[in-house]
Amino acid sequence: MLKPNSFLVIVGTDDTNTAEIQSSDTKVSLQVKDINPFYIRHEAHESGDFKLFFGERKDSKTVDFDAPINGTSITYSVDRRKLTVRSDLAGAEPVYYRKSDSTVLISNRLDNLIGNSESPDWDAIHCYLSFGYTLGESSFFENTLQTLPNQRLEVDTETLEITKQVSDVTPQKLNSETLPNNGRTFAKLFSDIMLTYSPMVLMMSAGWDSRTLLAPRKSPITLAYTHGDTSSRECTIAKKLSGTIRTDHYFKDVRGMVIDTDLLDEMLELHGHCLWPIWHLSSKFLSEKLCLPIASGVIGARLGGHNGFPSVGTRFQKTFNSLHLMNPKIASKEKIINDVKRSATAPEKFWFTSDKGDQIFSRTATSTTQKIHDTLDNYLNETDDFSFAIEKFNYDHVSRQYMMKQPSMAKPFQGYYSPLSHPDLLKLVYNIPFKQRVQNRLTKKVIAELNSDLLEFPMAATLVRAKQPIFIQELSRILRIIFEKTIFKLKKNRPNLGWFNYEHLYSGDFFETTIQSLKSDIWSKDRMLKTIASNQKNAIDAGSTMDMVCKIKTIDYFLAIGNKATEGGGEVYDENR
């Protein structure tokens, strides 16, 4: 049975239920289930040919299936006997696929491909629990893969042979323009792209990316929406920002949003994961009340250099390694790479696993870490610019697989727009030197070009206006941290958690009921409950705890589908495999 708002392509012969076949010939069939046209668009022809796109909402009557923008396309030609999968430059909407001797299965949902005898990929699961992503093509199960950014798959429907090609996006020659010129070029292109969209709601913070989306004078953004702790400085500044352009602004406080185990189960059914529950609730609310799609600046990480090496490691490492941009002798390339690898080292033990889970993950820690480091080395070997390699590794994994799940929570509803991940913008950004982009230098120029009033307000984490030099902003950030920690010690209370404040969950039954709902025996419910009971005393916030529990719940969901993971005996983990 297919999951809602999903499809399954079967190449070859398969016994899967065919009640919802939309297109079929003797070699290939397309099945769909409760698809939302704001997320999936498809055309089926009597000849057996079909075309399908999924991802960003498309309001035009026609879709370019051969060059997908902010999504992935699948086309099938009976005459050519070829099925082609194309992912865009962002790669945020992966296709999952699995090949056997007689079939190739392709879907937008991993859970559509998993039977009751699949083997979990424990290295991939270890990586996901540690960092929120799986490496490269891997998924939670062996022999089931996902597409990469800018990738083209061709399936020969006669032989079932799969040909893969990833287009190289490594800049051959970096842009030699000045920072102001690059800011003007990006601002003009971005403004033109924004005008191609229909009305939307901006999911707004007080950050750089939200200001970028808000900046064009002519814009399809009809109102702003902010969720979180509405008493926070972030929300206060966000309201001032939207006020500069006189747009309506809706606020939802997280304490009034019901986050419980039933919600996570609903999300698993609709999305195949339960990350970012507040985004699911907000998307549903905006769909019901305003009938509008959402847009967010999540992907602005490329523009602002957020995925670069200065964002990796401890606070000291981030600060010290940033000095490389001033003088490479202070922080060498080799030191930075070692620091990045140290931060990408999988733990041998988790606080939430049983003895059985400990046994599995203590064995996979070394192999998981080695795979992460080898993958990073592959990125480094593809270019002479190590900063670009680190940035692209982080984008392809953390941003693409984890952060981009925020806007995609709207796909069962009115859909989402992702203007900042338009391929023309990404190509432009790829060719602008990292030194011009890091610490939002290019972003600041773009906003100044489009609407400098948005720089008159500080960022939530700093004390001075955003138009001030980066050095002054960073100094004010340090002073703010020192001030907050001093107040914390004097008053013996929790430091300000900003808008990411879920502390009320500690006083409810969310954590207990969610933990009790877990099925796999690799988890220790007692250990989890005892650890979470001491979290407040140990200054561990509820937001990050909820995020981890949502990852655990997601893995548990897939292990229950591939029930080999819950069987006893040696089949669960083979250390020689």
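If you're matching positions, the sequence shown starts at 0 in numbering that gives the first Met the number 0 and goes up one per residue. The C-beta atom is built at its ideal place from N, Cα and C for all residues, glycine as well.
- [ ] Mind checking which residues open and close the beta strand (DSSP E) that includes T82?
- [x] Counting from one through the sequence shown, the residue named residue 82 turns up at place 83. A small fix is needed here, since residue 82 is Leu in this sequence, not Thr. That run of the beta strand (DSSP E) goes K81 to S86.
TODO: Could you tell me whether the stretch 427-436 touches the stretch 295-315, where touching means 3 or more Cβ pairs closer than 8 Å?
DONE: yes
Open item on the list: For a quick check, are the C-beta atoms of P219 and Y196 less than 7 Å apart?
Closed with: Here residue 219 refers to the residue found at position 220 when the sequence shown is read from its first residue. Here residue 196 refers to the residue found at position 197 when the sequence shown is read from its first residue. Contact: yes.
Open item on the list: Which residues does DSSP list as the beta-bridge partners of I9?
Closed with: Counting from one through the sequence shown, the residue named residue 9 turns up at place 10. DSSP lists S28 and L104 as partners of I9.
- [ ] Mind reading off the beta-carbon distance from N34 to F64? Whole number of angstroms is fine, and I expect it under 8 Å.
- [x] The residue given as residue 34 occupies position 35 in the sequence shown. The residue given as residue 64 occupies position 65 in the sequence shown. The amino acid at residue 34 is misidentified as Asn; the sequence shows Ile. That pair is no contact at about 16 Å.
TODO: Since I believe N149 is in contact with S166 (beta carbons under 8 Å), could you give me their beta-carbon distance rounded to a whole number of angstroms?
DONE: Indexing the sequence shown from 1 puts residue 166 at position 167. Indexing the sequence shown from 1 puts residue 149 at position 150. Right, their Cβ atoms sit about 5 Å apart.
Task: L201 - containing beta strand (DSSP E), residue span - done: Locating residue 201 in the sequence shown gives position 202, where the first residue counts as 1. Looking at the DSSP string, the run of the beta strand (DSSP E) that includes L201 is M199 to M202.
- [ ] For P411, collect the residues of the same chain with a Cβ closer than 7 Å to its Cβ; drop the 5 residues on either side in sequence, then sort them by chain order.
- [x] Sequence index remark: in the sequence shown, residue 411 carries index 412 (1-based). Excluding residues within five positions, the ones whose Cβ falls inside 7 Å are N4, N35 and L269.
Task: Candidates L152, G271, T246 and C234: closest to N107 by CA position - done: Stepping through the sequence shown from its first residue, residue 107 is reached at position 108. Ranking the options by Cα distance to N107, first place goes to G271.
- [ ] Use the C-beta contact count for L109: other C-beta atoms within 10 angstroms, 16 or more gives buried, fewer gives exposed.
- [x] For the purposes of this step, residue 109 is taken as residue 110 along the sequence shown, with counting starting at 1. Result: buried.
Open item on the list: Please classify M325 as buried or exposed, where buried requires at least 16 other C-beta atoms within 10 Å of its C-beta.
Closed with: As a working mapping, residue 325 is identified with position 326 in the sequence shown. Exposed is the call here.
- [ ] Enumerate, from N- to C-terminal direction, the unbroken alpha helix (DSSP H) stretches of 4 or more residues contained entirely within the stretch 423-507.
- [x] 433-436, 440-450 and 469-490
Task: Contacts around L203, its chain only, beta-carbon distance under 6 Å, and the 5 residues preceding and following it disregarded - done: The residue you call residue 203 lines up with position 204 of the sequence shown. Inspection of the sequence shows that residue 203 is occupied by Met rather than by Leu. S209, A223, T225 and A237, listed in sequence order.
Open item on the list: Quick check: is any heavy atom of the ligand GTP less than 6 Å from the C-beta of P418?
Closed with: The model depicted lacks the ligand GTP and carries no ligand whatsoever.
Task: 7 Å CB neighbourhood of F53 in its chain, flanking five on each side removed - done: Along the sequence shown, read from residue 1 onward, the residue named residue 53 stands at position 54. Y38, I39, G70, T71, E92 and N107.
Open item on the list: So I105 and F557 are supposed to be a Cβ contact under 8 Å. How far apart are they, rounded?
Closed with: Numbered from 1 along the sequence shown, position 106 holds the residue referred to as residue 105. Numbered from 1 along the sequence shown, position 558 holds the residue referred to as residue 557. Between F557 and I105 the Cβ distance is about 18 Å, and since that is not below 8 Å, they are no contact.
TODO: Could you check how far apart the C-beta atoms of K348 and S366 are, in whole angstroms? I think they sit under 8 Å.
DONE: Position 349 of the sequence shown, counted from the first residue, corresponds to residue 348. Position 367 of the sequence shown, counted from the first residue, corresponds to residue 366. The pair is not a contact, with the Cβ atoms about 15 Å apart (cut-off 8 Å).
Open item on the list: With a threshold of 8 Å, are at least 3 pairs of Cβ atoms found where one atom belongs to the stretch 406-426 and the other to the stretch 334-352?
Closed with: no
- [ ] Can you give me the Cβ contacts of L178 inside the same chain, cut-off strictly under 7 Å, excluding the 5 residues immediately before and after it?
- [x] Residue 178 sits at position 179 when you count from the first residue of the sequence shown. The answer, listed in chain order, is Q435, R440, L441 and K444.
Open item on the list: Do I124 and G356 count as a contact pair if the criterion is CB distance below 7 Å?
Closed with: The count along the sequence shown starts at 1 and reaches residue 356 at position 357. The count along the sequence shown starts at 1 and reaches residue 124 at position 125. Not closer than 7 Å, so no.
Open item on the list: Quick check: S516 and A89, are their CB atoms within less than 7 Å of each other?
Closed with: Within the sequence shown, the letter at position 517 stands for residue 516. Within the sequence shown, the letter at position 90 stands for residue 89. For S516 and A89, no; Cβs fall outside 7 Å.
Open item on the list: So F140 and G561 are supposed to be a Cβ contact under 8 Å. How far apart are they, rounded?
Closed with: Reading the sequence shown from its first residue, position 141 is the one you call residue 140. Reading the sequence shown from its first residue, position 562 is the one you call residue 561. So it is a contact: roughly 6 Å between Cβ atoms.
- [ ] Determine the burial state of M0: buried for a count of at least 16 other Cβ atoms within 10 Å of its Cβ, exposed for fewer.
- [x] Counting from one through the sequence shown, the residue named residue 0 turns up at place 1. Per the 10 Å Cβ criterion, exposed.
Task: 8 Å contact criterion, which L152 and K163 should meet: CB distance rounded - done: In the sequence shown, residue 152 corresponds to position 153, counting from 1. In the sequence shown, residue 163 corresponds to position 164, counting from 1. About 6 Å; that satisfies the 8 Å criterion.
Open item on the list: According to DSSP, simplified to helix, strand and coil, what is Q535?
Closed with: Working through the sequence shown from its first residue, we reach residue 535 at position 536. The answer is coil: DSSP assigns Q535 none of H, G, I, E or B.
TODO: Measure the Cβ-Cβ separation of Q145 and V297 and say whether it is below 7 Å.
DONE: Locating residue 145 in the sequence shown gives position 146, counting from the first residue. Locating residue 297 in the sequence shown gives position 298, counting from the first residue. Contact flag unset, no.
Task: Three-state secondary structure (DSSP) of A343 - done: Numbered from its first residue, the sequence shown carries residue 343 at position 344. Here A343 sits in coil by DSSP.
TODO: Pair every Cβ in the stretch 540-550 with every Cβ in the stretch 273-284, then say whether three or more of these pairs are closer than 8 Å.
DONE: yes
Task: Distance between L201 and W207 (C-alpha atoms, nearest Å) - done: Taking the first residue of the sequence shown as 1, we reach residue 207 at position 208. Taking the first residue of the sequence shown as 1, we reach residue 201 at position 202. Going by the C-alpha atoms only, they are around 13 Å apart.
Task: Inter-stretch contact at 8 Å, needing at least 3 Cβ pairs: the stretch 395-402 / the stretch 126-135 - done: yes
TODO: Reducing DSSP to helix, strand and coil, say where N4 ends up.
DONE: Working through the sequence shown from its first residue, we reach residue 4 at position 5. In the structure shown, N4 sits in coil (DSSP, three-state: anything other than H, G, I, E or B).
Open item on the list: So for K328, helix, strand or coil by DSSP?
Closed with: As a first step, residue 328 must be located in the sequence shown, where it is residue number 329. Here K328 sits in coil by DSSP.
Open item on the list: Just to check my reading of the structure: K518 and A559 have Cβ atoms closer than 8 Å, yes? What is that Cβ distance to the nearest angstrom?
Closed with: As a working note, residue 518 is residue 519 in the sequence shown. As a working note, residue 559 is residue 560 in the sequence shown. So it is a contact: roughly 5 Å between Cβ atoms.
- [ ] Under 8 Å by Cβ, that's how I've got A294 and Y416 pegged, so tell me the actual separation to the nearest angstrom.
- [x] Here residue 294 refers to the residue found at position 295 when the sequence shown is read from its first residue. Here residue 416 refers to the residue found at position 417 when the sequence shown is read from its first residue. Contact flag correct, Cβ pair sits at about 4 Å.
Open item on the list: Check this for me: beta carbons of W121 and I359, under 7 Å apart or not?
Closed with: Residue numbering aside, residue 121 sits at position 122 when the sequence shown is read from its first letter. Residue numbering aside, residue 359 sits at position 360 when the sequence shown is read from its first letter. Cβ atoms of W121 and I359: closer than 7 Å.
TODO: Along the alpha helix (DSSP H) that carries V548, what are the first and last residues, could you check?
DONE: By 1-based counting over the sequence shown, the position of residue 548 is 549. Segment A541 to I560, the alpha helix (DSSP H) holding V548.
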